[in-house]
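Visitor:
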Amino acid sequence: MKYILLDADNINIELFVKDVFPKIQYQFGKETYHINIYCQTNIIFKHLSSFDISVNLKCTKYKNKNSTDAHILFECGRLVNDDNMIIIVSDDKIFSEITNDRNIFQIGVCDFNKKMKLNKINLLSLIERLYKDSNYSLSYDIFLDDLVKYFKNVGISDIENLINSGVPELGISKTNVIYKRIHK
15 MKYILLDADN INIELFVKDV FPKIQYQFGK ETYHINIYCQ TNIIFKHLSS FDISVNLKCT
75 KYKNKNSTDA HILFECGRLV NDDNMIIIVS DDKIFSEITN DRNIFQIGVC DFNKKMKLNK
135 INLLSLIERL YKDSNYSLSY DIFLDDLVKY FKNVGISDIE NLINSGVPEL GISKTNVIYK
195 RIHK
């Protein structure tokens, strides 16, 4: 059996569906995959026309910083045998310690040349750029998980913490939509 263990705190689901999953199918075949999504934060499923996928969502019991990684490592150890292929989808370096190029693989999406350092100035300019981009309109919602792919080594919680503590121009709704605050 082929298993995909997705670190949804590290790689958002939209990026996985649009970019990573087709690469996995190309590299490992278009058979049926058992997809397990691991998270400890809120995740968003966005509509993709004519797309069908079955997933198993596993939320961690604890909110410790690396509990999702620990959960994935535990599950990988439980699943590993000669009959199973395990593909871990994460940019975390800890998983490179257990890959063996035989039945445990890691797929990431890191491209550090295109990623910025997370700070207030870069975050605000990115939000402006996304709204000006042809793919975004003022009525289009920008979610926290949309921003992860633009920054080096950050997760959703890192962006959320920056906005809540150091970017008064922005706010976050209960559904993780980022909005601009109007100051008078």
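Quick note on numbering: the sequence shown equals residues 15 to 198 in the numbering used here. For glycine and all other residues, C-beta sits at the position ideal for the given N, C-alpha and C.
To which residues does DSSP link G169 through a beta bridge?
Guide: None; G169 has no bridge partner.
Visitor: Can you tell me whether DSSP reads D159 as helix, strand or coil?
Guide: Looking at D159 - three-state DSSP - the assignment turns out to be helix.
Visitor: Pull up the distance between the alpha-carbon of I156 and that of D96, whole angstroms please.
Guide: The alpha-carbon atoms of I156 and D96 are separated by roughly 42 angstroms.
Visitor: Helix, strand or coil: how does DSSP classify F119 here?
Guide: Strand.
Visitor: For the alpha helix (DSSP H) containing N136, name the first residue and the last one.
Guide: N136 -> alpha helix (DSSP H) spans K134 to K146.
Visitor: Given this structure, state the Cα-to-Cα distance separating F42 from D23, to the nearest angstrom.
Guide: Cα-Cα distance, rounded: 24 angstroms.
Visitor: Taking the alpha-carbon positions, what's the N70 to I51 distance?
Guide: N70 and I51: Cα-Cα distance of roughly 6 angstroms.
Visitor: What does the Cβ neighbour count give for T189, buried or exposed, with the cut at 16 atoms within 10 Å?
Guide: With fewer than 16 Cβ atoms within 10 Å of its Cβ, T189 is classed as exposed.
Visitor: At the level of alpha carbons, what is the spacing between I18 and R143?
Guide: Taking the straight line joining both Cα atoms gives about 33 angstroms.
Visitor: Rounded to whole angstroms, what's the CA-CA distance from V31 to K166? Just pull it up for me.
Guide: So the alpha carbons of these two residues sit roughly 21 angstroms apart.
Visitor: By Cβ distance, which residues of its chain are closer than 7 angstroms to F126, with the 5 residues on each side in sequence left out?
Guide: In this prediction, F126 scores a pLDDT of 41, lower than 50, which makes its location untrustworthy; no coordinate-derived value is stated.
Visitor: Identify the continuous beta strand (DSSP E) that holds I112 and give its terminal residues.
Guide: Looking at the DSSP string, I112 is not in any beta strand (DSSP E), and its letter there is neither H nor E.
Visitor: Please state the DSSP three-state secondary structure of D21.
Guide: Residue state, collapsed to three classes: strand.
Visitor: Could you name the residues that DSSP lists as bridge partners for G91?
Guide: Paired residue(s): none; G91 is not in a bridge.
Visitor: Can you tell me where the alpha helix (DSSP H) holding I210 begins and where it ends?
Guide: This structure cannot settle anything about residue 210, because the visible part of the chain is limited to 15 through 198.
Visitor: What does K60 pair with, by DSSP beta-bridge criteria?
Guide: DSSP lists no partner for K60.
Visitor: Ignore the nearest five residues each way along the sequence and tell me which others in I33's own chain have a CB closer than 8 angstroms to its CB.
Guide: Ile is not the amino acid found at residue 33; the sequence shown has Asp there. Closer than 8 angstroms at the Cβ level, and outside the excluded window around D33, lie V123.
Visitor: Residue range of the beta strand (DSSP E) that I51 falls in?
Guide: Note, I51: beta strand (DSSP E), Y47 to C53.
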